[in-house]
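Below: the structure, in structure tokens.
Residue numbers (the working numbering): 16 to 261.
Dropping the structure here:
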């Protein structure tokens, strides 16, 4: 239904509407004008309503990147390092946090802060204040750290949307169907109990899963949450009351 609604009319119908004129037929102006009006109506009404239709059909995947907009400089090095510059705002988790308490994973290093145009190294253990700019050197995406600099209301709304779509829990794709059956009380065929949920979802979606693919099993709904080079890396679990409790 959504794909059919996204069949917007565009340049091709207008070009095809010129063919009667090229063939020397009568009433070609009327044909062209009708097609042109249909294209405009399609672009305006269908194009404007695509997001609303996706929400109503519950196929709009919420944003999972909590990393706020910030300045980045890719350094020319073999390690592929990137210098990130985040601004501290009053309504973020980083405000009031000691700079040496920022979580730093492997390949990540907090360089320091720029306050009132003056650089202070991380060794000075300053407490972050609004308008500070924090410099972080990393070799991988650091959305977990970046989320500390996002407004709290933005994070809360994103988390609510993610929970509503992906479910209340995140489970490993290596969890077996047998383990899930014992924990949540769903029925699984004996020959399928040793199969992992990641393989089960991939097999169901013809080994081409995408983020947002959903599959129900009794009162459980599994949602593909993350993908990597090897396949499904995280699965969302959404619960509904068992039939005898509804």
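Yeah, the Cβ is synthetic: ideal placement off N, Cα and C, and Gly gets one too.
For clarity, every value in this text was computed on a predicted model and none was experimentally measured.
Residue 194 lies in the alpha helix (DSSP H); which residues open and close that run? Here residue 194 is taken as the residue at index 179 of the chain shown, counted from 1. From DSSP, the alpha helix (DSSP H) with residue 194 extends over 192–199.
Run of the beta strand (DSSP E) containing residue 264, from where it starts to where it stops: This structure gives no information on residue 264, because the portion of the chain shown stretches from 16 to 261.
Could you tell me whether the Cβ atoms of residue 104 and residue 145 are closer together than 7 Å? Against the chain shown, residue 104 aligns to sequence position 89. Against the chain shown, residue 145 aligns to sequence position 130. Contact flag set, yes.
Where does the unbroken beta strand (DSSP E) through residue 17 begin, and where does it stop? If you number the chain shown from 1, residue 17 lands on position 2. Not the beta strand (DSSP E): residue 17 falls in the alpha helix (DSSP H), residues 17–20.
Rounded to the nearest angstrom, how far is the Cβ of residue 54 from that of residue 24, given a contact under 8 Å? Stepping through the chain shown from its first residue, residue 54 is reached at position 39. Stepping through the chain shown from its first residue, residue 24 is reached at position 9. Residue 24 and residue 54 do touch by the CB rule: their CB atoms are close to 4 Å apart, below 8 Å.
Tell me whether residue 46 sits in a helix, a strand or coil according to DSSP, three-state version. Within the chain shown, numbered from 1, the residue matching residue 46 stands at position 31. Secondary structure of residue 46 (DSSP, three-state): helix.
Can residue 114 and residue 152 be called in contact, C-beta distance under 7 Å? As a first step, residue 114 must be located in the chain shown, where it is residue number 99. As a first step, residue 152 must be located in the chain shown, where it is residue number 137. Here residue 114 is not near residue 152, since their CB atoms are 7 Å or more apart.
Which one or two residues does DSSP pair with residue 252 in a beta bridge? Stepping through the chain shown from its first residue, residue 252 is reached at position 237. DSSP, once it has assigned bridges, lists 184 and 237 as partnering residue 252.
Rounded to the nearest angstrom, how far is the Cβ of residue 161 from that of residue 83, given a contact under 8 Å? Counting from 1 along the chain shown, the entry for residue 161 is found at position 146. Counting from 1 along the chain shown, the entry for residue 83 is found at position 68. The C-beta distance from residue 161 to residue 83 rounds to 6 Å, short enough to meet the 8 Å contact threshold.
Nonlocal neighbours in the same chain, by C-beta distance under 6 Å from residue 249, ignoring five residues either side: Counting from one through the chain shown, the residue named residue 249 turns up at place 234. Counting only Cβ-Cβ distances below 6 Å, and skipping sequence neighbours, we find 185, 240 and 241.
Helix, strand or coil for residue 116 per DSSP? The count along the chain shown starts at 1 and reaches residue 116 at position 101. In the structure shown, residue 116 sits in a helix (DSSP, three-state: H, G or I).
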